[in-house]
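All remarks here apply to the structure that follows.
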Amino acid sequence: MAMHGTLDHLLGLELLPAEQIVEILDQADKFKEINQRKIKKVPTLRGLTVINFFAENSTRTRMSFEIAGKRLSADTVNFSASGSSFAKGETLLDTAKNLAAMHPDIIILRHAMTGAPHFLAKHVDAAIVNAGDGAHEHPTQALLDMMTIREHKGRLKGLVVAIVGDITNSRVARSNIFGMTKLGVEVRVCGPATMLPIGIERLGVEVFHDIDRAVTGADVVMMLRIQKERTSDPLFPNDREYSRFFGLNARRLALAKQDVLVMHPGPMNRGVELASDVADGPWSVILEQVSNGVALRMAVLYLCAAQRLSE
Amino acid sequence: MVLKEKAIVMEAEAIRQALIRIADEIAAQRPEELVLVGIHTGGVPLARRLHARLREVTGVEAALGMVDITLYRDDVFVGLPQPIIGETVIPEGTLNGKQVVLVDDVLYTGRTVRAALDALIDFGRPRWVKLAVLVDRGHRELPIRADFVGVTLETTRQQSVNVQLEEVSGQDRVLLLEQA
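Just so you know, the protein sequences line up as chains A and B, in that order.
When we follow the numbering used here, the leftmost residue of the first sequence carries the number 1, and every step to the right adds one.
When we follow the numbering used here, the leftmost residue of the second sequence carries the number 1001, and every step to the right adds one.
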């Protein structure tokens, strides 16, 4: 268990206490200012090595972690699956042991397998940050979502957040459900029955099959990407039909609160889950999510470093 | 370590007089592009008071900023708990060509000021930087000195100086504490 003001790892939000979530959000708010300076760098993590180990594709998250590390003066090293020994058949444990032999302080891991970061945390002496494990969790994305909502609404408690799309395959949805319900958010999930896991209501969310009802009175609508890479069978007939029944357009958005926020973890399928006028409209905070992501990840790296260096 | 009060070093009136004198000394430098930057947390209300005094009485227009030095400390990861990082605000986002007075409540080892200087330099190249403190309690560990000082205090390393300001603690006074 990490001491106050530190994190031993960030594996997911399921087991992270509410106070620690709030602490990360509070720190992240303060890191934003650094990203607006002309010289966007502070010396805090000088001499620390951060490995970005991405065994699954990513653009935004990997760059966001890399920029976050660099702005804190850490040495960040990128390592992606393609072109690495990992692609040549090395096991996760062997790769991890080899990484550990280079004495990194923090390893950021994205992996297609649920629990891969938890496994790494047991076998490697480094702080592990989960950057997405299969369809399980993506804690930094959920934290930056909460940060963005709190920034606009001034609070999280009591807000109504509708998450719409492929809930079953979404690690973003799962992390957001874990985090937001802990902080008193009323979470609604909505999607075709083929994309809603059975028993999801046990996580404390309300289930909707009709997007109009899910969006009605919502403070935030979070649209998820249709993840074609995670499923072989089609879960819906075609893009046009999905868009008709579960896409967010201006007419549907009018059912939400007047100051509704539209969010998307990216990359979005324009015209499928999100109509262009909504994606680019005044409700959209999609690019703010990306900016906040850097500050949030700086906070996570800082808190992990605090734990290791104060030992 | 339990600390008990040994002496009241300054009461509200003494603090007021000290800040008036410091403001006058700053004004005597005839600054042109003055920026007062308070160091979190104690320096921030002091910088505000100096700013108000300069504007209202001496007619010196200054910009007001604040700096949090947590991320620049040489002991950032020594000694827990980690504080929540404070706000850094530099007017117009640049100190290029500015005349800067850095403001803090207590000057002790000089390490906080060293960190604050590093933070300031990240916002450009000031024409000069001077240091104003309410209390100088000695025991420097770096070659740093203050340009404007409210009171100089003889202390031992075992003692602690506690500056209480109305904006934070509800009253103005400076206490000298020592081990119980």
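Glycine included, each C-beta is placed from N, C-alpha and C at the ideal position.
These numbers were taken from a predicted model, which means no experiment stands behind them.
So which residues of chain A does residue i contact, with C-beta pairs closer than 7 Å?
i        : result
L1071(B) : V42, T44
If the cut is a Cβ gap below 8 Å, which residues of chain B does residue i touch?
i       : result
E33(A)  : E1087, T1088, V1089
K122(A) : Chain B residues near K122(A): none, gap ~24 Å exceeds 8 Å.
K153(A) : The premise fails here: K153(A) is roughly 20 Å from chain B at the closest Cβ pair, so nothing lies under 8 Å.
Closer than 7 Å by C-beta to residue i: which residues in its own chain qualify, once you throw out the five before and the five after it? Chain order, please.
i        : result
T76(A)   : V50, N52, E66, G69, K70
S73(A)   : K41, V42, P43, T44, L45, R46
A295(A)  : A28, F31, K32, N35
A142(A)  : L13, V172, S175, N176, G179
L120(A)  : A96, I107, L109, I128
E1167(B) : P1045
A1027(B) : L1054, T1058, V1060
For residue i, collect the residues of the same chain with a Cβ closer than 6 Å to its Cβ; drop the 5 residues on either side in sequence, then sort them by chain order.
i        : result
D1136(B) : L1107, A1146, V1149, T1152
D1104(B) : I1039, G1043, V1133
F54(A)   : R62, S80, R110
T1156(B) : none
P117(A)  : L11, L109, I128, N130, D133
D239(A)  : V272
Please classify residue i as buried or exposed, where buried requires at least 16 other C-beta atoms within 10 Å of its C-beta.
i        : result
T194(A)  : exposed
V1002(B) : exposed
G247(A)  : buried
M1(A)    : Residue placement at M1(A) is poorly supported in this model, since its pLDDT is 44, which falls under 50; the coordinates still yield a value, given next. The residue is exposed, with fewer than 16 neighbouring Cβ atoms inside 10 Å.
Q1099(B) : buried
S243(A)  : buried
P234(A)  : exposed
Q20(A)   : buried
V129(A)  : buried
I1181(B) : Chain B is shown only over 1001 to 1180; residue 1181(B) falls outside these bounds and no answer can be derived.
E137(A)  : buried
G1065(B) : buried
P282(A)  : exposed
S1169(B) : exposed
S82(A)   : exposed
V164(A)  : buried
R188(A)  : buried
H1051(B) : buried
D1068(B) : buried
From the DSSP secondary-structure annotation, give me the bridge partner or partners of residue i.
i        : result
E1092(B) : In DSSP, E1092(B) forms no bridge with anything.
K1006(B) : Per DSSP, none; premise fails for K1006(B).
G1038(B) : M1066(B), V1103(B)
M223(A)  : V164(A)
I106(A)  : V50(A), A127(A)
K1130(B) : V1101(B)
D133(A)  : H111(A), E137(A)
Q1179(B) : L1003(B)
T76(A)   : V50(A)
T1152(B) : D1136(B)
S1160(B) : L1177(B)
R297(A)  : Bridge partners of R297(A): none, in fact.
V262(A)  : V221(A), S284(A)
F208(A)  : C190(A)
R270(A)  : L274(A)
L248(A)  : L274(A)
L10(A)   : V129(A)
Along chain A, in chain order, which residues have C-beta atoms closer than 8 Å to that of residue i?
i        : result
G1042(B) : Within chain A, no residue comes near G1042(B); the closest Cβ sits about 18 Å away, beyond 8 Å.
G1093(B) : Q36, R37, K38
Could you name the residues of chain B that residue i contacts, counting a contact when the two beta carbons are closer than 7 Å?
i       : result
Q227(A) : What Q227(A) touches in chain B: nothing, since even the nearest Cβ is about 36 Å away.
D26(A)  : I1084
K257(A) : Result: empty, since nearest Cβ-Cβ is about 30 Å, beyond 7 Å.
What do you reckon, is the C-beta of residue i under 7 Å from a heavy atom of the ligand GDP?
i       : result
P197(A) : With respect to small molecules bound, the structure shown includes none, and the ligand GDP cannot be examined in it.
Excluding the 5 residues flanking residue i on each side, which residues of the same chain have their C-beta closer than 8 Å to its C-beta?
i        : result
L159(A)  : I149, K153, V185, E186, D219, V220
Q1158(B) : E1178, Q1179
T1109(B) : H1139, R1140, E1141, L1142
A279(A)  : V262, H264, M268, R270, I286
D125(A)  : A100
T1093(B) : Contrary to the premise, residue 1093(B) reads as Gly rather than Thr in this sequence. Once the five neighbours on either side are set aside, the close Cβ partners of G1093(B) are F1123.
Q289(A)  : L144, D145, T148, M263, H264, P265, G266
E1011(B) : D1172, R1173
Residue i touches chain A at which residues, Cβ-Cβ below 9 Å?
i        : result
F1123(B) : R37, K38, I39
Does any CB atom of chain C fall closer than 8 Å to the CB of residue i?
i      : result
K30(A) : Of the chains in the structure shown, none is chain C; the protein chains are A and B.
request  = Taking 8 Å as the threshold, find out whether the region 33-40 of chain A comes into contact with the region 92-102 of chain A through three or more Cβ pairs.
outcome  = No: the two stretches stay apart, fewer than three of their Cβ pairs being nearer than 8 Å.
request  = Decide if the region 270-282 of chain A is in contact with the region 303-310 of chain A; the criterion is three or more beta carbon pairs, one per stretch, under 8 Å apart.
outcome  = The region 270-282 of chain A is not in contact with the region 303-310 of chain A.
query = How about the region 1036-1043 of chain B and the region 1004-1021 of chain B: do they share at least three Cβ pairs that are nearer than 8 Å?
reply = Flag = no, the region 1036-1043 of chain B and the region 1004-1021 of chain B do not touch.
query = On the three-pair Cβ rule with 8 Å, is the region 175-182 of chain A touching the region 209-219 of chain A?
reply = A contact is defined here as three or more CB-CB pairs under 8 Å, and the region 175-182 of chain A fails this definition with respect to the region 209-219 of chain A.
key: Segment contact flag, the region 259-271 of chain A with the region 194-205 of chain A, C-beta cutoff 8 Å, min 3 pairs   = With a cut-off of 8 Å, the region 194-205 of chain A and the region 259-271 of chain A do not count as touching, because too few Cβ pairs lie within range.
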